[in-house]
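Taking it in order: structure first as C-alpha coordinates, then the write-up.
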Amino acid sequence: MAEYADIVEVELPEKAARGFPVTVTVGIKNLYSGTIGIMVGGALEYGPVPWPSINFPENWANIPAGQVHRFTGQFIMPEFDATVHIYSYWYGEGTWHLDDEETRRIKVTEVVYDFVIGYPGVVPV
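According to the numbering used here, the sequence shown is numbered sequentially starting from -1.
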(Lines of atoms letter the chains of each structure in order from A and count residues from 1; the text may use other names and numbers.)
(Lines give C-alpha, C1' and ligand atoms only; values in the text may rest on other atoms or scores of the structure.)
Protein backbone atom coordinates (compact mmCIF):
# COMPACT_ATOMS: atom_id res chain seq x y z
CA MET A 1 0.00 0.00 0.00
CA ALA A 2 1.30 3.40 -0.95
CA GLU A 3 2.06 6.03 1.66
CA TYR A 4 1.65 9.12 -0.56
CA ALA A 5 2.03 8.19 -4.27
CA ASP A 6 -0.61 5.55 -5.04
CA ILE A 7 -0.53 3.88 -8.47
CA VAL A 8 -4.23 3.75 -9.37
CA GLU A 9 -4.04 2.96 -13.09
CA VAL A 10 -1.71 1.19 -15.53
CA GLU A 11 -2.83 1.10 -19.16
CA LEU A 12 -0.97 -0.91 -21.78
CA PRO A 13 -1.92 -3.47 -24.42
CA GLU A 14 -2.02 -7.18 -23.57
CA LYS A 15 0.27 -7.95 -26.51
CA ALA A 16 2.54 -6.18 -28.97
CA ALA A 17 4.77 -7.06 -31.91
CA ARG A 18 8.49 -7.30 -31.21
CA GLY A 19 10.46 -4.24 -32.22
CA PHE A 20 7.39 -1.98 -32.19
CA PRO A 21 6.83 0.90 -29.74
CA VAL A 22 4.41 0.29 -26.88
CA THR A 23 2.73 3.13 -25.00
CA VAL A 24 2.04 2.83 -21.27
CA THR A 25 -0.02 5.31 -19.23
CA VAL A 26 0.28 5.37 -15.45
CA GLY A 27 -2.11 7.23 -13.12
CA ILE A 28 -0.67 8.16 -9.71
CA LYS A 29 -2.79 9.69 -6.96
CA ASN A 30 -1.41 12.05 -4.30
CA LEU A 31 -2.59 10.72 -0.92
CA TYR A 32 -0.83 13.49 1.04
CA SER A 33 -2.74 16.45 2.53
CA GLY A 34 -0.89 19.01 0.37
CA THR A 35 0.88 19.34 -2.97
CA ILE A 36 3.94 17.10 -3.30
CA GLY A 37 6.36 16.01 -6.01
CA ILE A 38 5.53 12.61 -7.45
CA MET A 39 7.71 10.65 -9.87
CA VAL A 40 7.10 7.57 -12.03
CA GLY A 41 9.62 4.98 -13.18
CA GLY A 42 9.46 1.64 -14.89
CA ALA A 43 11.38 -1.26 -16.36
CA LEU A 44 10.80 -4.34 -18.50
CA GLU A 45 11.59 -7.51 -16.60
CA TYR A 46 12.93 -10.28 -18.81
CA GLY A 47 16.27 -11.98 -19.28
CA PRO A 48 19.43 -10.83 -17.52
CA VAL A 49 19.68 -7.56 -15.61
CA PRO A 50 19.95 -4.65 -16.05
CA TRP A 51 16.46 -4.53 -17.55
CA PRO A 52 15.65 -1.80 -20.05
CA SER A 53 13.79 1.16 -18.61
CA ILE A 54 10.56 2.72 -19.82
CA ASN A 55 11.02 6.22 -21.21
CA PHE A 56 8.68 8.70 -19.52
CA PRO A 57 9.49 12.11 -21.12
CA GLU A 58 7.67 13.83 -18.24
CA ASN A 59 8.53 11.61 -15.27
CA TRP A 60 7.60 13.86 -12.34
CA ALA A 61 5.08 16.54 -11.40
CA ASN A 62 3.92 18.55 -8.41
CA ILE A 63 0.47 17.11 -7.75
CA PRO A 64 -2.19 18.72 -5.52
CA ALA A 65 -3.71 16.71 -2.66
CA GLY A 66 -6.19 14.06 -3.79
CA GLN A 67 -5.47 14.55 -7.50
CA VAL A 68 -4.45 11.88 -10.03
CA HIS A 69 -1.75 12.70 -12.56
CA ARG A 70 -1.27 10.55 -15.68
CA PHE A 71 2.24 9.94 -16.99
CA THR A 72 2.73 8.51 -20.49
CA GLY A 73 5.81 6.55 -21.48
CA GLN A 74 7.04 4.23 -24.18
CA PHE A 75 9.28 1.23 -24.69
CA ILE A 76 10.22 -1.01 -27.60
CA MET A 77 8.66 -4.46 -27.34
CA PRO A 78 11.35 -7.13 -26.92
CA GLU A 79 11.27 -10.47 -28.67
CA PHE A 80 10.03 -12.16 -25.48
CA ASP A 81 6.99 -11.87 -23.24
CA ALA A 82 7.85 -9.43 -20.45
CA THR A 83 6.67 -8.08 -17.13
CA VAL A 84 6.19 -4.31 -17.07
CA HIS A 85 7.20 -3.09 -13.59
CA ILE A 86 5.99 0.39 -12.62
CA TYR A 87 7.25 2.36 -9.59
CA SER A 88 6.04 5.54 -7.88
CA TYR A 89 8.07 7.91 -5.72
CA TRP A 90 7.28 10.97 -3.60
CA TYR A 91 9.67 13.81 -2.84
CA GLY A 92 10.45 14.91 0.71
CA GLU A 93 13.38 15.78 2.95
CA GLY A 94 15.54 16.46 -0.12
CA THR A 95 15.23 13.04 -1.73
CA TRP A 96 12.88 10.74 -3.70
CA HIS A 97 11.26 7.90 -1.72
CA LEU A 98 10.10 4.67 -3.41
CA ASP A 99 6.42 4.27 -2.53
CA ASP A 100 4.31 1.93 -4.70
CA GLU A 101 4.80 -0.79 -7.33
CA GLU A 102 2.59 -2.50 -9.90
CA THR A 103 3.32 -5.15 -12.51
CA ARG A 104 1.56 -6.15 -15.73
CA ARG A 105 2.40 -8.88 -18.27
CA ILE A 106 2.68 -8.16 -21.97
CA LYS A 107 2.97 -10.90 -24.58
CA VAL A 108 4.90 -10.73 -27.80
CA THR A 109 2.97 -11.31 -31.01
CA GLU A 110 3.88 -11.44 -34.67
CA VAL A 111 3.00 -8.68 -37.11
CA VAL A 112 0.21 -9.66 -39.52
CA TYR A 113 -0.01 -7.55 -42.65
CA ASP A 114 -3.42 -6.98 -44.19
CA PHE A 115 -2.40 -6.67 -47.84
CA VAL A 116 -1.08 -8.79 -50.69
CA ILE A 117 2.10 -7.90 -52.53
CA GLY A 118 1.58 -8.20 -56.26
CA TYR A 119 1.45 -6.42 -59.55
CA PRO A 120 -1.27 -3.93 -60.54
CA GLY A 121 -4.15 -5.69 -62.24
CA VAL A 122 -3.08 -9.14 -61.05
CA VAL A 123 -5.43 -10.85 -58.64
CA PRO A 124 -3.93 -13.68 -56.59
CA VAL A 125 -5.81 -16.97 -56.69
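The beta carbon of each residue, even a glycine, is placed where N, CA and C say it ideally should be.
Source: prediction; values computed, not measured.
| field | Selection from Pro46, Gly40, Ile52 and Gly35 that minimises the alpha carbon distance to Glu91 | value | Gly35
| Looking at Val38 and Ile84, is the spacing between their C-beta atoms short of 8 Å? | yes
| field | Alpha-carbon to alpha-carbon, Ala3 and Asn28 | value | 5 Å
| said: Assuming the contact rule is C-beta atoms closer than 8 Å, Val169 and Leu42 should be a hit. Round their C-beta distance to whole Å, please. | reply: With the chain covering only -1 through 123, there is no way to say anything about residue 169.
| task | Put Tyr87 into one of helix, strand or coil per three-state DSSP. | result | strand
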